[in-house]
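Residue numbers (the working numbering): 2 to 203. Even for Gly, the Cβ is constructed at its ideal location relative to N, Cα and C. First comes the structure, then the notes that go with it.
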Amino acid sequence: MNQNTARLSPPMVLTFAASDPSGGAGLQADLMTIASMGCHPLSVTTALTVQDTVGVSSILAIDADWVDDQARTLLEDMPVAAFKIGLLGSIENIVVIAEILADYPGVPLVLDPVLASGRGDELADEEMVAGLRHLLLPLTTVLTPNTLEARRLATTGDQDEGQHPTLVDCAQRLLSSGCEYVLLTGTHDSTPRVVNSLYGGP
């Protein structure tokens with residue numbers, strides 16, 4: 002892409018996410034959201050899913066080499082203004098994406114740590130949670146967990162055995178892991194109103 006074209010183009014946002022055939026979440030929802038904000042969406046498919054509006058039946062993670070090739074081919078051709086991460090599908094994908102992002106330290110990253118489906122289908126094992134915690138959180142500009150994801154990312158068995166840290170405690174732990182902001186979403190709280198809380202910053 003030449004410099005004149007780059008100046009005329011809308012900001013480009015690259016999302017790493019799994020395909021959701023229902024269009025309600027994942028790659029398809031990311032693309033619509035990015036476009037609705039006046040940006041040009043770029044995508045790297047991390048996994049294929051069998052799912053509907055009720056839940057996820059199965060997941061097939063894309064090979065990490067393919068994930069790497071998809072991303073680097075785009076990044077070598079087009080200037081990316083921001084990264085977005087959703088469901089990654091495997092620890093191998095987490096590792097390779099962390100390596101890619103480390104090559105672009107000036108590009109902001111929004112990380113949505115998808116650990117389970119809306120009905121509770123498990124989408125990330127403990128190895129993947131640890132990978133998110135140690136490899137991607139330190140690279141993250143804005144982390145957007147729901148309350149269940151925040152507790153799972155912020156707590157460990159050894160550290161919290163017999164304890165129940167508050168959500169504020171969890172947010173502070175996540176900030177101490179290296180991300181700049183935590184936008185804690187209230188979509189899984191049993192309250193009449195959904196309240197989102199932002200932590201971090203000056």
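Item, Value
"Three-state secondary structure assigned by DSSP to E127", "helix"
"CA-to-CA distance, L136 to Q173, given in whole angstroms", "18 Å"
"Short Cβ contact (8 Å threshold) for A18 with L49", "no"
"Backbone CA spacing between S58 and M129 [nearest angstrom]", "19 Å"
"Local Cβ density within 10 Å of M33, reported as buried at 16 or more and exposed below that", "exposed"
"Coil, strand or helix - I60 by DSSP", "strand"
"Short Cβ contact (8 Å threshold) for A83 with P42", "no"
"Classification of N94 by the beta-carbon crowding that lies within 10 angstroms, buried from 16 upward", "buried"
"Test item: CB-CB of I98 and L89 under 8 Å", "yes"
"Enclosing alpha helix (DSSP H) for Q29 [first to last residue]", "27 to 37"
"Contacting residues, own chain, Cβ-Cβ under 6 Å from C40 (five flanking each side not counted)", "P11, P12, V14"
"Euclidean distance between Cα positions of L168 and A151", "7 Å"
"Which residues DSSP lists as bridging L184, in chain order", "L199"
"R194, buried or exposed, once every other Cβ within 10 Å from all chains shown has been counted against 16", "exposed"
"Closest by C-alpha distance to T54, when choosing among T46, A30, G25", "G25"
"Where the alpha helix (DSSP H) through T148 begins and ends", "148 to 155"
"Reduced DSSP secondary structure (H/G/I, E/B, other) of P139", "helix"
"T46 beta carbon less than 8 Å from that of L28", "yes"
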